[in-house]
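In what follows, a single structure is set out as C-alpha cells and then discussed.
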Amino acid sequence: MGHSYGTILGSRYVLSHPEKVSDYVSVAQVVSLEKSDMYSYKDALNRAQAAGDDLSALEAAYQRYADDHTLVNLMAVRSEVSKYHTEKVSENSVWYALFSPYYGMDDFRWFLKQIGSMEDYFAVNKPLFDYTKQFNADNYGMEYAVPVYFISGSDDWICPVDSVKNYCDSITAPKKGNVSH
C-alpha cells in the first residue's frame with residue numbers, strides 16, 4: 050500500500066518486483082505532479098473566472114512558474130490555487146497536531162524547519178523534491194502483474210481524481226479498481 054508520495058515508491062516497487070507483492074493499493078496515486086499542478090491551476094482559474102475574481106495574482110504566479118520551474122515558484126502557484134480548493138482550516142489544527150500523542154521530537158524539529166526559511170527548507174529537501182517533481186508514472190510501465198486498486202478524494206488537488214482515473218484506465222492488471230469520493 051502506498052499513500053501520496055508513497056505511491057511513487059509503491060508503484061515503482063510493484064512494477065519492478067511483482068513476485069514480492071500480492072496486490073497494490075494506492076491512496077492518492079501520484080501520476081505526474083507537473084500534470085496535476087496544471088489541472089489544479091486550470092480548475093482554480095475557471096473557478097476564479099466564474100466568481101468574477103481578480104485573476105492577476107493567480108496568472109502572475111503561474112507565469113513565474115512557467116518561466117522558471119523552481120520549487121519556490123511552484124509553491125507560489127499552489128498557494129494561489131489553494132484559495133479555490135481548500136476549506137478554511139481551524140486555527141486549532143496546528144495545536145491538535147503538536148499535542149498529539151503520536152507527535153515526537155523529530156516531528157517538532159521538522160515542523161520548526163518548515164516554518165523557518167522556505168528557501169532553507171527547500172534546499173534541505175532538494176533531491177527529494179526534484180525527484181518527486183519529475184516523476185511521471187507513465188514512464189515506468191503500464192503493465193502490472195498484480196491486482197491494483199486506487200482510492201482518491203475529490204478534494205485532493207495534488208493527486209486529482211481525474212488524473213488517477215485516467216491512469217487506472219490506461220494500465221493493465223489482472224484486476225483493477227478505482228474508488229473516488
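Going from the sequence shown to this note's numbering is simple: count from 1 and add 49. Where a beta carbon is used, it is the ideal one built from N, C-alpha and C, also for glycine.
By Cβ distance, which residues of its chain are closer than 6 Å to K182, with the 5 residues on each side in sequence left out? Residue mapping note: residue 182 aligns to position 133 of the sequence shown, counting from 1. L82.
Is the number of C-beta pairs between the stretch 112-121 and the stretch 164-172 that are closer than 8 Å three or more? yes
Count the other CB atoms, across all protein chains shown, that sit within 10 Å of the CB of P223; report buried if there are 16 or more and exposed otherwise. Within the sequence shown, numbered from 1, the residue matching residue 223 stands at position 174. By the 10 Å Cβ count, P223 comes out exposed.
Shortest alpha-carbon distance to Y72 belongs to which of E108, Y193 and V79? On the sequence shown, position 23 is the one that residue 72 refers to. Looking at the sequence itself, residue 72 is Asp, so the reference to Tyr does not match. Residue Y193 is the option with its Cα nearest to D72.
Under the three-state DSSP convention, the category I164 falls into: Position 115 of the sequence shown holds residue 164. Here I164 sits in helix by DSSP.
Beta-ladder partner(s) of F199, from DSSP: Your numbering for residue 199 matches position 150 in the sequence shown. Partner(s): S75 and N227.
In whole angstroms, what is the alpha-carbon distance linking Y198 and K69? One-based indexing of the sequence shown puts residue 198 at position 149. One-based indexing of the sequence shown puts residue 69 at position 20. Using only the alpha carbons, I get a separation of about 17 Å.
Just tell me which of V79, Y145, S60 and S65 has its CA closest to the CA of S201. Within the sequence shown, the letter at position 152 stands for residue 201. For the residues V79, Y145, S60 and S65, the minimum Cα distance to S201 belongs to V79.
Hey, would you say Y241 sits closer than 8 Å to V130, going by beta carbons? The requested residue 241 is not part of the displayed model; the chain covers only 50 to 230.
Residue nearest to G226 in terms of C-alpha spacing, selected from N95, L107, S75 and D86: Working through the sequence shown from its first residue, we reach residue 226 at position 177. Comparing Cα-Cα distances from G226 to each of N95, L107, S75 and D86, the minimum goes to S75.
Drop a sphere of 10 angstroms on the beta-carbon of S219, count the other beta-carbons inside from all chains shown, and report buried for 16 or more, exposed for fewer. Locating residue 219 in the sequence shown gives position 170, counting from the first residue. S219 should be labelled exposed.
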